[in-house]
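In my numbering, the protein residues as written are 2 to 584.
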Ligand code: SER
């Protein structure tokens with residue numbers, strides 16, 4: 002049985018309810034792009050809200066950490082991982098938590114006691130030294146020389162700057178064939194942290210004030226890939242059973258051995274696996290130039306670049322074969338991979354086709370540029386050209402340049418990028434305003450129809466749809482929105498029907514003024530947040546649409562007549578355009 006199943010079975014046998022993994026894109030937390038820890042979806046419950054499954058929970062949670070994305074390629078980094086976790090929400094505390102961890106490690110995973118060492122919080126002026134945990138470890142048979150007391154930097158855990166937090170005890174495993182030293186030195190790299198038990202008793206607010214939580218909780222987390230590497234006795238994480246099939250698939254496709262090609266193979270394996278999980282997520286993320294979409298784009302494009310390095314025929318279905326291997330491996334645990342299989346394959350393929358168009362030329366251009374460089378610095382204009390004309394994410398340019406010991410003016414690039422965005426934004430805002438300059442009755446109707454179309458597209462295509470522009474005359478409306486591929490006839494029909502349904506529902510259109518931040522928090526849709534004043538007008542249409550908007554609008558959707566889509570076409574990369582009329 003694999004570690005994941007052993008873990009869940011163990012905690013279920015100890016009265017824990019298994020909860021399903023949450024999506025990788027957090028559902029109600031715009032402050033982070035991805036879930037980075039198993040506890041993230043549980044924050045409201047750690048804060049005191051009762052959990053529907055009770056007070057003892059366990060799960061495996063898909064997590065993504067991208068701060069080290071560019072380090073992927075070595076033996077240990079990966080962007081996606083699964084975190085095994087068990088929680089007590091005001092139920093058991095330190096002693097039982099430590100007892101369960103010890104029992105699982107020594108009796109289920111059969112790790113010898115002498116290979117285990119722990120760190121415990123040494124305390125500070127506010128919180129006492131954690132004698133309870135240390136004593137518990139000792140009573141279970143951990144020698145006192147294998148217990149290290151450490152300060153806040155090491156043994157106090159909080160996700161980010163604010164939230165539930167507390168001291169922790171971390172469990173280490175001696176990963177080496179050397180004789181186990183009698184005294185534990187947490188700085189000795191042969192000791193690898195495998196499990197973290199956080200005793201969440203406090204809450205830290207924005208001002209830095211720390212208060213007690215209504216209940217004392219336990220939050221533990223164990224990284225599956227790391228534990229697998231440790232137990233399987235490999236020092237290259239990518240040599241565990243987790244990666245075996247994916248890597249042998251890549252080797253087959255490229256007709257190469259893992260040895261000698263490790264870096265590119267690890268990058269392809271990791272990046273395709275993460276891309277599969279992101280694009281199968283219910284949030285329907287598509288490659289784009291912002292937020293999660295940009296991470297997805299970077300992952301896919303970097304994988305493509307390394308596939309090319311291995312001489313894989315980019316035009317073949319290599320990415321599909323690898324993605325199918327990933328799906329096959331995880332489908333029994335994450336059903337969304339099967340449910341959204343077609344979407345996943347389409348996202349990968351579309352992005353591949355898009356990048357392929359410019360990759361070859363871009364690489365030639367890169368070669369030309371770098372051959373002529375005098376001072377080994379690639380300036381901002383050249384970096385921007387590679388981005389703008391050839392679709393090279395700046396990180397890719399940096400990676401290519403580093404291989405030749407060339408620096409890139411990344412700061413300069415970022416400034417130029419920002420300036421460019423402002424220009425194009427100003428351009429489309431002007432156009433948007435222009436579209437609304439005359440306010441005939443027909444014009445007002447089209448304006449309301451724009452909001453309904455925006456809402457309907459989100460329903461039909463997914464929440465990645467955002468307005469990118471709009472233009473209205475008395476005769477027709479034009480609406481640009483983020484979406485990657487051509488809409489099918491069926492999707493067009495569904496969208497049209499949905500807008501007409503909203504019209505028939507005779508929904509009231511209401512207007513309120515509010516503070517901009519509150520408006521965003523309330524989930525109101527808006528195109529260019531910076532362009533709005535502090536107090537904004539929010540138009541709500543029944544419960545189907547809520548947008549920041551200057552108006553004007555009709556007062557009830559029943560005034561609009563019949564909505565018809567005349568044309569759906571590409572507007573620019575990643576942006577589609579719909580022309581529609583009201584009859
Ligand atoms: N929240 C802790 C961690 O991420 C334990 O789950 O390590």
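Ideal placement from N, C-alpha and C gives every residue a C-beta, glycine not left out.
Here residue 267 is not near residue 399, since their CB atoms are 8 angstroms or more apart. In terms of Cβ geometry, residue 265 and residue 297 do not form a close pair [threshold 8 angstroms]. DSSP places residue 353 within a helical segment (H, G or I) once states are collapsed to three.
Contact check for residue 157 against residue 130 fails: the beta carbons are separated by 8 angstroms or more. In the assembly as shown, residue 496 is a buried residue. Its beta-carbon has 16 or more other beta-carbons within 10 Å.
Annotation: residue 85 to residue 93 spans about 18 angstroms, alpha carbon to alpha carbon.
Judged by their CB atoms, residue 230 and residue 221 are not nearer to each other than the 8 angstroms cut-off. Here the segment 548–563 makes contact with the segment 504–521; the two share three or more CB pairs at distances below 8 angstroms.
Here the alpha carbons of residue 203 and residue 212 stand approximately 5 angstroms from one another.
Separation of the CB atoms of residue 483 and residue 351 is rounded to 13 angstroms, and the pair is thereby denied contact status at 8 angstroms.
The Cβ-Cβ distance between residue 218 and residue 88 falls below 8 angstroms.
Secondary structure of residue 229 (DSSP, three-state): helix. For residue 33, there is no enclosing beta strand (DSSP E), since its DSSP letter is neither H nor E. In this chain, the alpha helix (DSSP H) harbouring residue 389 covers 381–391. Remark: the C-beta of residue 138 is outside contact range of the ligand SER, defined as less than 7 angstroms to any heavy atom.
Separation of residue 356 and residue 302 (C-alpha to C-alpha, rounded to the nearest whole angstrom) is 7 angstroms. With 16 or more other Cβ atoms from the protein chains shown falling within 10 Å of its own Cβ, residue 470 counts as buried. Nearest neighbour of residue 417 by Cα position, chosen from 524, 385, 180 and 394, turns out to be 385. Within the same chain, Cβ atoms closer than 6 angstroms to the Cβ of residue 81 are found at 65, 274, 275 and 278, the five residues on either side in sequence being excluded. Remark: the shortest separation between the CB of residue 38 and any heavy atom of the ligand SER falls under 7 angstroms. Around residue 580, the same chain offers 477, 479, 567 and 568 as residues with beta carbons nearer than 7 angstroms, after the five sequence neighbours per side are excluded. Rounded to the nearest whole angstrom, the CA to CA distance from residue 234 to residue 571 is 52 angstroms.
The closest heavy atom of the ligand SER lies 7 angstroms or more from the beta carbon of residue 120.
Shown here for residue 308: same chain residues with a beta carbon closer than 7 angstroms to its own, the five before and five after excluded, namely 269, 315 and 319 in chain order. Positions of the alpha helix (DSSP H) runs, each at least 4 residues long and wholly inside the segment 232–306, are given as 242–255 and 263–281 in order along the chain. Burial state of residue 79 is buried, judged by a 10 Å Cβ sphere holding 16 or more other Cβ atoms. Contact between residue 143 and residue 121 does not hold, since their C-beta atoms are separated by about 10 angstroms, which reaches or exceeds 8 angstroms.
In this structure the segment 163–171 lies against the segment 191–206, because at least three pairs of beta carbons, one per stretch, are closer than 8 angstroms.
Close CB contacts of residue 341 within its chain, under the 6 angstroms cut and outside five residues either way in sequence, are with 281 (chain order). Look at residue 50 here: in three-state DSSP terms it is coil, with no helix or strand label. Remark: C-beta atoms of residue 395 and residue 411 approach each other more closely than 8 angstroms. Taking 3 residues as the shortest admissible run, the segment 440–501 contains the following complete beta strand (DSSP E) segments, listed from N- to C-terminal end: 468–473 and 478–483. Under the three-state reduction of DSSP output, residue 146 falls in the helix class.
Around the C-beta of residue 451, 16 or more other C-beta atoms lie within 10 Å, and the residue is accordingly described as buried. Residue side-chain check: residue 197 places its Cβ nearer than 7 angstroms to a non-hydrogen atom of the ligand SER. If you ignore the 5 residues before and after residue 8, its C-beta comes within less than 6 angstroms of the C-beta of 85, all in its own chain and listed in chain order.
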